[in-house]
Each structure stands twice: as structure tokens, then as C-alpha cells.
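Take a look at the structure set out below.
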Amino acid sequence: MRLVRSVSPPSARRLLVAALALAMIAATALLGLTSRASAAEISAIDPASVTITKCTNGDVAECEKTQASDSDMSDLYLWQSVRIDMDWSAPADAKAGDTFSVQLTEPLSAYSGSFDLKDGTGATVGTCAASHDTGLVTCTLSDYVETHENVAGSLWFSAQATTATETTRNPVTINGDAVAKPVPGVIDVGDPATQSDSKGGWVNYPGTAGGDASVTWVVLLGSDSVTEENGIDMVDTLGSAQNFDLDLSTLDVTYAIVGQDRTDEGVSVTLDSSRYTAVLNNDRELALHLPNLHTEGLVPSGTEYQYRISYTTELLDAQDVPAGTVFRNSATYDGKTMSSRVEYANIAGGSADGTIPVGAFTVAKTVEGVPADVASGLSFTVLASYEKDGQQVTEEIVLSGDGTPSGLSDIPQGTVVSLSEPQVAVEGYDFQDLEFTAVTENDAIVIGEGGDSATVTITNGTLRLGLSNTYAPPVEETTTPPVEETTTPPVEETTTPPVEETTTPPVEETTTPPVEETTTPATTPATTAPGTTPATTPATTPATTAPGTTPATTPVTTAPGTSPATSGTPSSTTQQAVPVASGTPSSPAPQGASVLRLPRTGADVAIWGAIGAGMILGGLILVGYARRFRDSRR
């Protein structure tokens, strides 16, 4: 019997708790990853290095040329410009995207714009951006800080006195703390209206007017120049690299009574556009007709007033205006011409520097198979190839055979150096082998296959390698005397005369007549008379027959005067001679048997051939009879 354990499903509450726990773990992990990967605000500016200097004549175009110093700021007027300088250094653990910033407060506000912090090679270390609206200047570091050490520099930017104050302020704040660099009260001289005619302008740097770079031009005309009852005509002409805004939305015509301050409320009066005319003859020329305000009844007769005409022109390449670019403008009226110029200047800048972490390596030479006094006087050259400033270079490292190490230093970390050595001949010795070895145990040293080359990836510190050359005394060569070559005379070819083929004549086939078998009646064996020797057939020794001859047949005869004795029956039978084949000795037949021996010739082959032919012939005859029989039955 198997026991089954039942498990109840988890409750909805438990599932909810588990899900929340997992979500919290995931969120914590995500936040951890984010915090490690995101950039950070770092403390990089040295507050003690901050200086505030009034630009020459308070002109922002002069700020770049003004020497930084803590000059007297007691004569700073509203809208004048100052230069703010400071030093900075990135911490050792800084990374790309880290930022540091400066906050300006009243009475100063930075000019909007951006600028780079570059090192001596032109590499961008960081980029800074300033905002006129917020007064914040923020610098963002590049990945330069991740490949260099001791990254530091300086920066400066221009600011404008935008608020009139009567008390001293510390307008620079770093890392949340105000720097003790006081600026006294900013003097507001106002903008009093006068009878003088003048023309001027200023550059609106990117972001200052809420857009791209532009130039604002201002023309002031006193009522003494408006001599005609019907008013005055003026033509304003732009210089190169700028255009009028086609809809004239930036044109502003106001007037104020001479002696009053335009900055005071109600002093500056905007002239209704229906009372003057403005016509664009082309993108760079504006024709303007202004009325006589006395005739118009807007200003009491005898009261002096001053026109103020302002407009903003577009720059043709507002995204990339080189520093030092000059823009010009001229106004012609009543036979008079007024001209003005403004310069697009650098309003901020900075510098940076850093050292690339470097390393070194050395190679020590050992020479084997050569006496020490000889080895110490030898010189070897190792070739070191690597990339330097984007170019592949090869440097020579001269090594002494006495084992003194030599190498290269101040090579940027991460550089891969390939090492090799051409063979060096030593007089009286044969070169055998060379082999690089890693003295410093470090994966940055890789010995090539066979040991005749090596690569080194530069790290911090010095990597040490060894390089051994092996030589051996030359092997004495033994000379074997040459063997005299003997010439064998040619063998005369002898021609063997053809052997005459002899034809053996066919042996005549002799037919031995059959021997009649005689039946000898049973008789009493003959008794030889005493003193009588039975007759015997002398054995004849066969003569050797020359090839090609027929052997002679020797007849067997009975010795004269003798006859075999018989008992009771006289015998007069003569024994027939039997031919004997050549080369076969004859021997007497066994007693009591009559044996016929045929000579061994080609007769047996002929007999068998004849038998075969007869069988074939008989078969053919039978086949013929069979066919005839079959045909007859049809």
C-alpha cells in the first residue's frame, strides 16, 4: 500500500506576500545596479582658487583678455561684465558623466553658452554649460578621466551685473557653500534721455535671448535732429553675416523726455506702429520714417525728447560663430551716418590636463655555448613594435651579452608591444636557437610559438623578460677522397647461331601378330637326364640406340642340338621372336605365363584419338537416322 501525502495549495495571501517580496528584491537589485552605473555630482572645484575680475571697461568682449585678479569692484555698474576664474581637479575614481558645478546668485548672472575643457592635444576632458536664466554653470566629464590619471585644470566664464544692489554680496556658491569673494553694491546709473545721437549694440550669446546667437542694435536720435515738421527718414544698413528678421517683430520704437530716466516707470513710451513706417528693402536694409512728435502733439512744443530705436538681427551661421567675429551696422539720416561694431568674443573657456598611466618592460640577454668573456663583448638588437599616437612605430633595444637588462619605459598602459630579434652571428660559432622567457609571472607576457617572439601588454610597473641565444662550435667537416671511377669496357655482344631443328622421323607402328595360346596337356614333369643342363635363353643386353633410329630386334633362338625335354610328347614348336623397345632391357617372362609387352610410342594417343573420332562420327550418324525416322513418321 502506497501512502500519498496531500499538499494544500497556497493561500492567496501567501502568494501576494511572496510576490511583494520578490518585487522588493528585484527593485533593490535594480537600484543597486542603477546607482553603480549612473553618474555622480563630485567635488572638484577648489573654493580658495576663485577670483572675480571686472572686465576692461565692463565689456564682455574684453573679458577673455582681462588678467584674472581680485580687483576692486567698487565701481561695478549695472550691465557691466566680470570674469570668474577657478581651478578644479577630478578625484581618482571619477568616471565619464560625473559633474561638478558653480552657482551664481545676485547680483551676477552668467552669460548663456557652452565651452569645452581640452588638454594640450585637443582631447576633450569635459564640457561646461552656463545658463543666464538660472546662473548655474555645470561641467560634465568625458571618458578621458577613465584613461588618465591626475586629471585637473582651470576654467573661467563671464557674468553680468544684472541687479543693482546697495550691499556687498558673495555671489559664488560651490558645493552648497558661498565662497568668500565679495562683490560690493552694483551701481545703477539709469538710462537718462539726452539730445545726443548715438548708435551701439551687443551680442546675444546662445541661450541668452532664449535662442541662437544674435545681435541687438540700438539707435538714439535727439529731437534736434528731427527738423522737418513731417518727421525724419533713416536708413539702417547691416554688415555681412547677418539679416533682419523679416517680420520686424523685434523692432521697438520708444521716446522719452530729455532728462528723465528711461528705467523709471512711465518714462519710456512706446510709439504706436501706426505713427511710423518701416520697410525692408532687402534682408539687410531697413528704411524707417519717424514722425515729428511735436507736430503729432505727443510731446508739447518746446519740450525736448529722444527717440530710441532697437531691433535684433539674425546671424547667418548662428550655430558656429568663431570667436573674434565682428558684426557692423550703420545708420544714415539727414545727411549724417553713424556706424557701430560688436565683436563675438569668447565668454568662457578652460583647460585640462592628465597623465596616461604608463608602464615599462625590460629584457635581459643570456648567451649559451660561448665563453663569458666573448659573450660580454657581444651586442644584440631587439625590435619593439607598437602603436604610438595612432602610428605604428618600431624601436630598437640594444642588449649586451653580459645579461644587463634594457627596455622601454613610459609606455601607456594597455599598449601591446611585439618583440623579436634578428639573428646575430658570432665568429667561430654556429647559431642554434633563441628563446624569450617571462621572468615576471604575468599574463601580460605572452611567448610566441617556438619562443622566438613575445608580446607584452603594458601594465603598471615593470615587466621583466629574458632572452637567451644558444651557439655551438662548428662541426669539423671531414673530406673523403674521391673514388676513381673505373670505366668498364663494353662487352662485345656475341651472336649465337640458330640451332638447326632436327625432326625426328615418325616411328613405324609395328603390329604384333597375336600369339596363339596353346594348351599344354598336363604331363608329367620332364626329368632331365643326369649330366644334362637345361637350355636357357641367353639375355641380350640392349644396345643404346642413337636418337632418330629404330632399335634392332634381337631374335631369341634355341641353342642348336638342344630341345626342351618333354615327357611322352615330342615337340617341334619354334618360339617366335618378340621385338623389345629400345632402352628397355628384356627379361625372361615369369614361368607359367605368356606376357605380351608393346613398345611405348605415340600409338596409344592415336588410338584414343581414333576412338573419340569414331564416337563423334557414330553420334552424328545416329542423329541423322533419328531425323530421317522423324521425317518418315510425318
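Numbers -39 to -1, 1 to 595, taken from mature numbering (1 follows the signal peptide of the UniProt record, and there is no 0), label the letters of the sequence shown in order.
All C-beta atoms in this analysis are idealised placements derived from N, C-alpha and C, irrespective of residue type, glycine included.
Bear in mind that the values here come from a model prediction, so they are computed numbers and not experimental data.
Exercise for the section: Following the continuous alpha helix (DSSP H) through Asp334, name the residue where it begins and the one where it ends. Expected result: From DSSP, the alpha helix (DSSP H) with Asp334 extends over 333 to 336.
Handout entry: the stretch 152 to 161 contacting the stretch 129 to 138, beta-carbon criterion three pairs below 8 angstroms
Key = With the cut-off at 8 angstroms, the stretch 152 to 161 and the stretch 129 to 138 do not touch.
Handout entry: Euclidean distance between Cα positions of Ala53 and Val180
Key = Approximately 55 angstroms, taken between the alpha carbons.
Handout entry: Run of the beta strand (DSSP E) containing Thr99, from where it starts to where it stops
Key = Judged by DSSP secondary structure, Thr99 falls within the beta strand (DSSP E) whose first and last residues are 97 to 102.
Problem - Proximal residues to Gly96 (C-beta, below 6 angstroms), its chain only, five neighbours per side dropped - result: Spatial neighbours of Gly96 in its own chain (CB-CB distance under 6 angstroms, excluding positions within 5 residues in sequence) are listed in chain order as Leu65, Ser70, Ala71.
Handout entry: Separation of Cys100 from Thr398, as counted between CA atoms
Key = Taking the straight line from one Cα to the other gives about 48 angstroms.
Practice task
Can you grab the Cα-Cα spacing for the pair Thr418 / Thr376, in whole Å?
Solution key: Spanning the two alpha carbons is a distance of roughly 6 angstroms.
Exercise for the section: Compare the beta carbon distance of Leu254 and Tyr305 with 8 angstroms and say whether it is the shorter of the two. Expected result: No, the pair does not count as a contact, with Cβ atoms beyond the cut-off.
Practice task
Evaluate Leu426 with the Cβ neighbour count: other Cβ atoms within 10 Å of its Cβ, from every protein chain shown; 16 or more gives buried, anything less gives exposed.
Solution key: Leu426 counts as buried, since at least 16 other C-beta atoms from the protein chains shown sit within 10 angstroms of its C-beta.
Exercise for the section: Output the distance between the C-alpha atoms of Pro475 and Met576, rounded to the nearest integer angstrom. Expected result: Low per-residue confidence applies at Pro475: pLDDT is 49, beneath 50, and the placement is therefore not dependable enough to give any value.
Problem - Cut-off 6 angstroms between Cβ atoms - residues of its own chain near Leu344, not counting five sequence neighbours on either side - result: The residues are Thr355, Ser381.
Exercise for the section: Identify every run of the beta strand (DSSP E) within the stretch 27 to 88, keeping only runs that are complete inside it and at least 3 residues long; order them along the chain. Expected result: 42 to 50, 60 to 65, 69 to 71, 74 to 79, all fully within the stretch 27 to 88.
Handout entry: Simplified DSSP state of Pro8, which is helix, strand or coil
Key = DSSP places Pro8 in helix when its eight states are reduced to three.
Exercise for the section: Go ahead and pull the three-state DSSP assignment for residue 601. Expected result: Nothing can be reported for residue 601, as the shown portion of the chain is limited to -39 through 595.
Handout entry: Secondary structure of residue 653, DSSP reduced to three states
Key = The displayed coordinates of the chain run from -39 to 595. Any statement about residue 653 would go beyond what the structure contains.
Exercise for the section: Assuming Val219 contacts Tyr266 (C-beta within less than 8 angstroms), just tell me the rounded distance between them. Expected result: Between Tyr266 and Val219 the Cβ distance is about 6 angstroms, and since that is below 8 angstroms, they are a contact.
Practice task
Leaving aside the five residues before and after Leu199 along the sequence, list all residues of the same chain whose C-beta is less than 7 angstroms from its C-beta, in chain order.
Solution key: Only Phe205, Arg245, Thr274, Asn290 meet the Cβ criterion.
Exercise for the section: Give a yes or no on whether 8 angstroms exceeds the smallest Cβ distance from Arg425 to chain B. Expected result: Of the protein chains in this structure there is only one, and it is not chain B.
Exercise for the section: Sort out for me which residues DSSP pairs Ser115 with in a bridge. Expected result: Bridge partners of Ser115 according to DSSP: Asp48, Ser312.
Practice task
Starting from the N-terminal side, write out each stretch of the beta strand (DSSP E) that is 3 residues or longer and does not extend beyond the stretch 372 to 457.
Solution key: Assignment of beta strand (DSSP E) within the stretch 372 to 457, counting only whole runs of 3 or more residues, yields 377 to 381, 391 to 399, 406 to 408, 414 to 418, 422 to 433 in chain order.
Handout entry: Spatially closest choice to Gly183 from Ser175, Ser201, Thr177, Asp158, by CA coordinates
Key = When C-alpha distances from Gly183 are compared across Ser175, Ser201, Thr177, Asp158, the shortest belongs to Asp158.
Problem - Three-state secondary structure (DSSP) of Glu348 - result: DSSP places Glu348 in strand when its eight states are reduced to three.
Problem - Member of Ser235, Ile135, Gln384 whose CA lies at the smallest distance from the CA of Ser62 - result: Here the closest residue by C-alpha is Ile135.
Exercise for the section: Closer than 7 angstroms by C-beta to Ala84: which residues in its own chain qualify, once you throw out the five before and the five after it? Chain order, please. Expected result: Result list for Ala84: Tyr105, in chain order.
Problem - Nearest to Thr256 (by Cα), restricted to the options Leu241, Val240, Arg236, Ser271 - result: Considering only Leu241, Val240, Arg236, Ser271, the residue with the shortest C-alpha distance to Thr256 is Arg236.
Problem - Cα-Cα separation between Pro366 and Asp138, rounded to whole angstroms - result: Going from the Cα of Pro366 to the Cα of Asp138 covers about 55 angstroms.
Problem - Burial state of Asn165 (16 or more Cβ within 10 Å) - result: A residue is called buried when at least 16 other Cβ atoms come within 10 angstroms of its Cβ; Asn165 meets this threshold and is buried.
Practice task
State the DSSP-derived secondary structure class of Val21, mapped to helix, strand or coil.
Solution key: Looking at Val21 - three-state DSSP - the assignment turns out to be helix.
Problem - Collapsed DSSP secondary structure at Leu238 in the structure displayed - result: The sequence given here has Thr at residue 238, not Leu. Strand.
Practice task
Please report the Cβ distance between Gly74 and Ala91, rounded to the nearest whole angstrom; I am assuming they are in contact, meaning their Cβ atoms lie under 8 angstroms.
Solution key: That pair is a contact at about 6 angstroms.
Handout entry: Among Val147, Asp314, Thr27, nearest to Asp80 - alpha-carbon criterion
Key = If we check each option's Cα against that of Asp80, Asp314 comes out closest.
Exercise for the section: Excluding the 5 residues preceding and the 5 following Thr494 in the sequence, name in chain order all residues of the same chain whose CB lies nearer than 8 angstroms to its CB. Expected result: Low confidence applies here, because Thr494 scores a pLDDT of 40, under 50, leaving its location unreliable and the question unanswered by this model.
Handout entry: Straight-line gap, Val176 to Asn111 (C-alpha atoms, nearest Å)
Key = Between Val176 and Asn111, the alpha-carbon positions lie close to 41 angstroms from each other.
Handout entry: Leu182 - containing alpha helix (DSSP H), residue span
Key = Unbroken run through Leu182 is the beta strand (DSSP E), 175 to 183; no alpha helix (DSSP H).
Exercise for the section: Give the range of the beta strand (DSSP E) segment to which Glu304 is assigned. Expected result: Where Glu304 is concerned, the enclosing beta strand (DSSP E) stretches over 297 to 305.
Handout entry: Thr215 Cβ short of 7 angstroms to the ligand COA heavy atom set
Key = By its list of ligands, the structure shown contains no ligand whatsoever, and the ligand COA lies outside what it can speak to.
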